[in-house]
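Visitor: Counting in numbering that gives the first Met the number 0, the sequence shown runs from 0 upward without gaps. Note that CB positions come from ideal geometry on N, CA and C, so glycine has one too.
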Amino acid sequence: MDNERKSVETILRHSRHDWLNKLQLIKGNIELNNIDRAKAVIEEIIIEAHHEAMLSNLNMPKFTETLLTANWRSLPLHIEFQVVELQRGLRDMDEFISAWLEELFHILGDSLDDYGENVLVISIDENKEHNLRLSFELQGTIKNESVLRNFLNKSVSKNAGVTVREINSVEAVFLVELFED
0 MDNERKSVET
10 ILRHSRHDWL
20 NKLQLIKGNI
30 ELNNIDRAKA
40 VIEEIIIEAH
50 HEAMLSNLNM
60 PKFTETLLTA
70 NWRSLPLHIE
80 FQVVELQRGL
90 RDMDEFISAW
100 LEELFHILGD
110 SLDDYGENVL
120 VISIDENKEH
130 NLRLSFELQG
140 TIKNESVLRN
150 FLNKSVSKNA
160 GVTVREINSV
170 EAVFLVELFE
180 D
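#1: Return the first residue and the last residue of the beta strand (DSSP E) that Gly160 is part of.
#2: Quick check on the burial criterion: 16 or more other C-beta atoms within 10 angstroms. Buried or exposed for Trp99?
#3: Compare the Cα-Cα distances from Val118 to each of Asp124, Ile141 and Asn126 and report the closest residue.
#4: Using a threshold of 8 Å, state whether the C-beta atoms of Leu147 and Ile123 are closer than that.
#5: What first and last residue would you give for the alpha helix (DSSP H) that runs through Leu111?
#6: Using CA atoms only, rank isn't needed, just tell me which of Tyr114, Ala48, Phe104 and Met59 is closest to Trp18.
#7: Kindly indicate which three-state DSSP category Arg90 falls into: helix, strand or coil?
#8: Whose C-alpha, out of Leu151, Asn130 and Ile121, is nearest the C-alpha of Gln138?
#9: Under the three-state reduction of DSSP, which class applies to Phe173: helix, strand or coil?
#10: Which same chain residues end up closer than 6 Å to Asp113 when comparing Cβ atoms and leaving out the 5 residues on each side of it in sequence?
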């Protein structure tokens with residue numbers, strides 16, 4: 000119970016910090032009479048909250064937690080995600096995709112330049128067969144392409160496939176598709 004309470008306290012602390020940063024950004028823009036920019040920040044917050052709600056509705060709690068807390072880690076990158084209209088999540092794949100993402104974040108931590116402006120955008124949608132698809136677009140400074148390439152090319156699971164579109168020193172683009180049994 001103590002660990003669970005600490006975890007909740009940590010989550011609340013990080014969440015409060017994030018919200019204060021957003022409010023200060025709005026307040027600062029209003030004080031500088033940058034009303035259009037303040038409105039844009041508010042719109043960005045609304046869109047972000049919409050994507051978070053859609054993610055939470057996938058009924059994949061570990062996957063959701065992994066993504067929602069990703070930027071609270073000491074990683075040399077900023078992670079953004081968007082959820083495109085989905086019919087459903089794949090609850091059976093929740094543990095697997097969460098563990099795979101954790102491993103990916105570890106690999107990226109080792110592969111990216113700590114001082115680079117590294118951004119990973121994850122788009123979550125469905126393919127034509129209604130399988131869950133995660134599209135990854137990484138922009139930044141990749142100092143060790145081979146480690147990332149080897150991780151992505153290794154066998155994932157009988158219920159998942161990885162397609163690498165591009166990996167070079169400044170970008171990586173790849174897809175993960177999850178299949179039902």
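Guide: Considering the structure as presented:
#1: Ala159 to Ile166
#2: Counting other Cβ atoms within 10 Å of its Cβ, Trp99 reaches 16 or more and is therefore classed as buried.
#3: Ile141
#4: no
#5: Here Leu111 belongs to no alpha helix (DSSP H), and DSSP marks it neither H nor E.
#6: Ala48
#7: helix
#8: Ile121
#9: strand
#10: Pro75
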